[in-house]
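Each residue of the sequence shown is one higher than the one before, counting from 1 in the UniProt record's numbering.
Each residue gets a CB set at the ideal place from its N, CA and C atoms; glycine is no exception.
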Amino acid sequence: MAHVTGDWNPLGDAFYRKLELYSMEAQWQSKADIPKCKVAAAPFGGPIALMRDDRKSQAPSNRKPDIFIFTASGKPISIIKWQSGHLLDIGWSSTEDLLCIQRDGTLLVYDLFGKFHGRFSMGQVARENEVIDSRIFYNPSSGTSGVAILTGNYKFFVVSNVKHPQSKKMADVLGLLSPPSCWSVISKDRDTYVMLAKDGHLFVVDPGYSQEQSLEGAGACIELALSFDHQLVALFTDKGDIHVFSSDLQRKLCEFSTNSQMRPKQLVWCGNRAVVAYWENLLLVIGMQKNWIKYNLDKEAYLVPEMDGLRILQPDIQEFLQEVPANVSGIFKVASMASGALLYEASREFQKKSQKADEYIRLIHDDLPNAVNQCLEAAGEEFETNIQKALLRAASFGRCFLTNSNPDKFVTMCQTLRVLNAVREYTVGMPLTLAQLNRLTVAVLIDRLIRRCQWELAMSISKYLKLPESESRILTHWACYQVDQKRKSDEEIAACIKRKLGAAPSISYSEIAKKASEISRNELAVKLLDYEPRASEQVPLLLTMGSMEAALRKSIASGDTDLVHTVLLSLQKKMKAQEFLMMLTKFPDAQSLYIQYCRQEQPHLLIDLFYQSDNFQEMAACHIWNSYQQKSMAKKLDYLKSAQENYTRARNEFALKCTEEQQKLLTYQQQIEEKHNISFVGLSVHDTAHKLIKSGLPKLAESIRKDFRIPDKRFWFLKINALAEKGDWLEIEKFSKSKKSPIGYEPFVHICLKHNNNFEAKKYLSRVAPEKKAKVHILMGLYEEAAEFAFQQKNEDDLKQLLRLCGSNRELANKIQNMKAQLSRR
1 MAHVTGDWNP LGDAFYRKLE LYSMEAQWQS KADIPKCKVA AAPFGGPIAL
51 MRDDRKSQAP SNRKPDIFIF TASGKPISII KWQSGHLLDI GWSSTEDLLC
101 IQRDGTLLVY DLFGKFHGRF SMGQVARENE VIDSRIFYNP SSGTSGVAIL
151 TGNYKFFVVS NVKHPQSKKM ADVLGLLSPP SCWSVISKDR DTYVMLAKDG
201 HLFVVDPGYS QEQSLEGAGA CIELALSFDH QLVALFTDKG DIHVFSSDLQ
251 RKLCEFSTNS QMRPKQLVWC GNRAVVAYWE NLLLVIGMQK NWIKYNLDKE
301 AYLVPEMDGL RILQPDIQEF LQEVPANVSG IFKVASMASG ALLYEASREF
351 QKKSQKADEY IRLIHDDLPN AVNQCLEAAG EEFETNIQKA LLRAASFGRC
401 FLTNSNPDKF VTMCQTLRVL NAVREYTVGM PLTLAQLNRL TVAVLIDRLI
451 RRCQWELAMS ISKYLKLPES ESRILTHWAC YQVDQKRKSD EEIAACIKRK
501 LGAAPSISYS EIAKKASEIS RNELAVKLLD YEPRASEQVP LLLTMGSMEA
551 ALRKSIASGD TDLVHTVLLS LQKKMKAQEF LMMLTKFPDA QSLYIQYCRQ
601 EQPHLLIDLF YQSDNFQEMA ACHIWNSYQQ KSMAKKLDYL KSAQENYTRA
651 RNEFALKCTE EQQKLLTYQQ QIEEKHNISF VGLSVHDTAH KLIKSGLPKL
701 AESIRKDFRI PDKRFWFLKI NALAEKGDWL EIEKFSKSKK SPIGYEPFVH
751 ICLKHNNNFE AKKYLSRVAP EKKAKVHILM GLYEEAAEFA FQQKNEDDLK
801 QLLRLCGSNR ELANKIQNMK AQLSRR
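#1: By DSSP's criteria, Cys270 is part of a beta bridge. Which residues make up the other side?
#2: Give the DSSP-derived three-state secondary structure of Thr476 in the structure shown.
#3: Can you grab the Cα-Cα spacing for the pair Asp97 / Trp269, in whole Å?
#4: Applying the criterion that 16 or more other CB atoms from any shown protein chain within 10 Å of the CB defines a buried residue, is Leu700 buried or exposed?
#5: Taking the straight line between their C-alpha atoms, what separation do you get for Leu465 and Leu457?
#6: Measure the alpha-carbon distance for Gln482 versus Ser470 and round it to whole angstroms.
#7: Count the other C-beta atoms from every protein chain shown that fall within 10 angstroms of the C-beta of Ile79, then say buried if there are 16 or more, exposed otherwise.
#8: Which runs of the alpha helix (DSSP H) at least 4 residues long sit entirely within the segment 769-813? Give them in chain order.
#9: According to DSSP, is Leu313 part of a helix, a strand, or is it coil?
#10: Would Ser187 pass as a contact of Gly146 if the rule is Cβ separation under 8 Å?
#11: Just checking my contact of Phe587 with Leu552 at CB under 8 Å: how many whole Å lie between their CB atoms?
#12: If we ignore side chains and look at the alpha-carbon of each, how far apart do Asn373 and Leu402 end up?
#13: Need the endpoints of the alpha helix (DSSP H) that Ile67 sits in, please.
#14: Who are the Cβ neighbours of Ile293 in its own chain at under 7 Å, not counting the five residues just before and after it?
#15: Buried or exposed: where does Glu653 fall if 16 or more other Cβ atoms within 10 Å of its Cβ makes it buried?
#16: Strictly by DSSP, which residues pair up with Phe116?
#17: Just to confirm, is the Cβ distance from Asn281 to Asn259 under 8 Å?
#18: Which ranges does the alpha helix (DSSP H) cover as unbroken runs of at least 4 residues, wholly within the segment 695-768, from first to last along the chain?
#19: Using 8 Å for Cβ pairs, my map puts Leu692 next to Gln669. What's the rounded Cβ distance?
#20: What is the DSSP secondary structure of Val125, reduced to helix, strand or coil?
#21: Measure how close the beta-carbons of Pro140 and His230 come, nearest whole angstrom, since I'm counting them as under 8 Å.
#22: What residue does the alpha helix (DSSP H) around Phe676 start on, and which one ends it?
#23: Report the three-state DSSP secondary structure of Leu457 (helix, strand or coil).
#24: Tell me Asp241's beta-bridge partners as DSSP assigns them.
#25: Assuming Leu310 and Val276 are in contact, meaning their beta carbons sit under 8 Å apart, how far apart are those beta carbons, in whole angstroms?
#26: CA-CA distance, Phe715 and Arg705?
#27: Considering only residues of the same chain and omitting the five flanking positions on each side of Ala813, which have a CB-CB separation below 7 Å?
#28: In the DSSP output, which residue or residues are listed as bridge partners for Asn9?
#29: What is the residue span of the alpha helix (DSSP H) that Gly380 lies within?
#30: Rounded to whole angstroms, how far is the Cβ of Ile136 from the Cβ of Leu150, which I believe are closer than 8 Å?
#31: Excluding the five sequence neighbours on either side, which residues of its own chain have a C-beta within less than 7 Å of the C-beta of Glu20, listed in chain order?
#32: Rounded to the nearest angstrom, what separates Asn809 and Glu784 at their Cα positions?
#33: Name the two residues that bound the continuous beta strand (DSSP E) containing Tyr295.
#34: Which residue marks the beginning of the beta strand (DSSP E) containing Val131, and which one marks its end?
#35: Using a Cβ-Cβ cutoff of less than 6 Å, which residues in the same chain neighbour Leu249 once the five nearest sequence positions on both sides are dropped?
#36: What residues in its chain sit with their C-beta under 7 Å from that of Glu223, if we drop five residues either side in the sequence?
Rendered as structure tokens:
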């Protein structure tokens with residue numbers, strides 16, 4: 001137990017320990033001239049970037065700097081040969097993209113391997129006045145990263161999220177005519193503001209206001225540091241004092257004198273309960289109860305704050321300073337009587353086959369579940385595998401005495417430790433703690449391994465933890481990486497990807513093909529798309545690549561008409577009309593769908609299509625449709641003439657005759673309009689005759705009847721309807737007597753009743769055919785007469801109807817019953 005606590009140092013009610021993470025690699029050591037370098041290290045065990053810093057050199061170089069990227073263990077990843085503008089600062093985003101800020105306010109984004117991913121500008125003011133200082137910050141609530149700059153005219157501009165860059169100007173600070181002595185960015189939820197110090201004044205600035213904060217008697221702040229969660233701020237003054245406040249400066253938590261007025265090289269937080277000031281070869285850890293620990297460093301260092309500790313980078317070694325977790329402290333601190341400590345001792349004695357094991361177990365029997373949990377959680381906090389195993393062994397030993405112990409927590413911790421130990425390996429170089437992994441989540445860890453091209457490890461973790469949804473992401477990223485290998489031919493890459501990925505349903509070959517298309521390997525993209533089973537994924541990319549016929553062929557093969565329509569409309573926009581129509585002739589199914597679409601949405605396009613295929617019948621139909629859309633009579637007739645010509649070529653004599661008659665009708669209608677100033681053009685023959693009668697032009701209606709051979713029955717119906725609408729009942733009566741009606745006289749009764757004119761209807765009752773007299777009398781409500789006529793015609797159906805209608809008229813009902821009885825006896 002002594003070796004576990006050998007490097008512990010007390011700080012108030014807690015202990016702090018400094019663990020060795022890695023002995024840094026030779027290549028790191030050759031580049032890590034920390035006093036002359038700009039160092040940027042990402043939190044959560046992230047990568048490290050180094051570049052020459054001309055501001056720290058006595059003899060600045062005119063040569064543009066190189067940016068060296070390493071894992072946290074010092075293993076080289078890539079080198080960026082800087083070719084752009086004057087590079088001012090570098091830093092990492094929350095997604096481990098390297099952000100490079102130029103003096104002109106342009107921000108360039110690179111990945112771990114030095115591949116350029118885009119750029120954006122901080123605005124015109126930054127471009128004109130240049131950037132003199134910058135900060136890359138992290139929003140603990142949203143998990144996003146932002147950038148803040150200070151321009152040469154002492155204005156602050158902030159981008160809260162580099163994924164969606166929108167530069168906002170902070171309010172001006174009154175009297176700020178030179179650079180502030182120190183400044184930082186505080187980001188909470190949706191609020192982002194700048195805190196800065198200048199000549200004994202402390203300001204808080206956001207887009208809307210600039211407010212000065214008073215620190216009575218504290219002196220001038222020359223350095224400040226934010227805690228990882230942005231809840232606390234530490235200020236170092238020119239008097240050598242460190243003041244700790246809540247980040248809103250409303251509560252003061254601590255004041256500590258360092259007895260040194262020299263500005264520290266770095267002022268950072270170790271977790272959220274201790275402030276660390278670093279001077280050359282000296283590290284001072286200050287607790288909230290004014291306690292302190294001093295560490296001497298042999299070489300120049302760079303400090304990287306983490307959520308639960310502090311990474312200390314040196315040319316030859318990397319260490320991790322953290323508060324000893326409560327469970328670990330409870331088990332291993334001297335003379336601890338915690339249940340977890342006694343269980344740990346019981347396990348050790350059991351390994352020695354000592355009876356003391358039983359004594360320890362008896363002491364904690366009532367608190368055994370808590371002891372097991374304490375050992376488990378302490379195992380998760382340890383870096384040394386031997387200590388992890390000892391603690392897990394103790395937890396397993398304790399579980400033997402529990403009757404209803406759920407193994408899930410034990411199994412989960414074992415799995416988590418295997419994952420943590422795997423990613424902490426030097427070859428991977430991600431020294432995560434359990435708290436960091438819980439905050440980061442396993443899904444994000446797998447994504448970060450994928451971005452590092454650690455596909456095998458990512459796949460092993462995914463399978464080990466049974467995360468099938470991650471496997472497709474891993475394989476897809478691997479395939480996209482293979483696509484980028486320029487030394488291999490398209491055939492080799494496509495075969496390799498197919499062999500590795502197979503026909504897994506979760507794999508999106510279209511995504512891999514899209515990657516190939518982006519780097520102008522279209523032939524490879526087409527090969528990969530052949531492996532994609534979903535046409536809806538294939539077709540859009542084929543269109544983007546300009547493979548028009550292939551896209552149309554795939555959409556037709558899918559049987560998805562919506563997809564075919566999408567392709568057709570896209571091709572219509574991208575191709576010349578002649579080429580598009582020619583291509584349609586090769587695909588009859590697509591042509592049929594296109595015709596259907598045009599009929600509903602764009603009929604004017606059909607003529608060119610039918611002309612292309614010499615379809616005279618359909619061309620004529622298009623001309624007919626166009627004729628109806630015209631307002632000018634001349635154009636109407638021109639289209640009808642064209643339709644005539646096409647019907648002639650199509651040898652459709654019936655349609656040809658109909659078209660001729662339509663021309664004749666239009667001409668006739670136009671003449672009537674001109675003479676009588678009544679609108680007729682566009683009406684059918686029937687409606688024309690109807691309107692002529694209604695307008696008091698019966699002779700013209702007769703002329704239409706003869707010229708267009710309207711049958712007598714139809715014309716009689718037409719005429720009595722028109723006269724009834726006009727209300728000319730006298731003319732209807734004359735018309736009924738002009739000659740024998742071809743439609744009978746029942747329609748005359750019906751039309752009179754339709755217009756509620758019973759008086760006129762009665763005039764025609766006697767002339768109605770005998771077999772229909774009962775029905776018309778029923779319509780007029782003359783039930784007794786109707787009954788007589790029905791009896792005369794021996795029509796039992798009419799009698800039954802009358803029986804239902806007579807209702808409470810018992811006399812009539814009896815009469816009808818008698819008639820029915822007589823008919824049934826005959």
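In brief:
#1: Ala274
#2: helix
#3: 23 Å
#4: buried
#5: 12 Å
#6: 19 Å
#7: exposed
#8: 770-779, 783-792 and 796-805
#9: strand
#10: yes
#11: 6 Å
#12: 12 Å
#13: No alpha helix (DSSP H) contains Ile67, which is instead part of the beta strand (DSSP E) from Asp66 to Phe70.
#14: Asn9, Leu11, Tyr16 and Val285
#15: exposed
#16: Tyr110
#17: no
#18: 698-707, 712-726, 729-738, 746-754 and 758-762
#19: Not quite, the Cβ-Cβ distance comes to about 10 Å (not below 8 Å), so this is no contact.
#20: helix
#21: 6 Å
#22: The question names Phe, yet the displayed sequence has His at residue 676. Here the alpha helix (DSSP H) through His676 covers Glu653 to His676.
#23: helix
#24: Ser257
#25: 6 Å
#26: 7 Å
#27: Leu803 and Cys806
#28: Tyr16
#29: Leu368 to Glu381
#30: 13 Å between Cβ atoms; not a contact.
#31: Ile317 and Glu319
#32: 11 Å
#33: Trp292 to Asn296
#34: Val131 to Tyr138
#35: Gln213
#36: Cys182, Phe236, Arg263, Pro264 and Leu267
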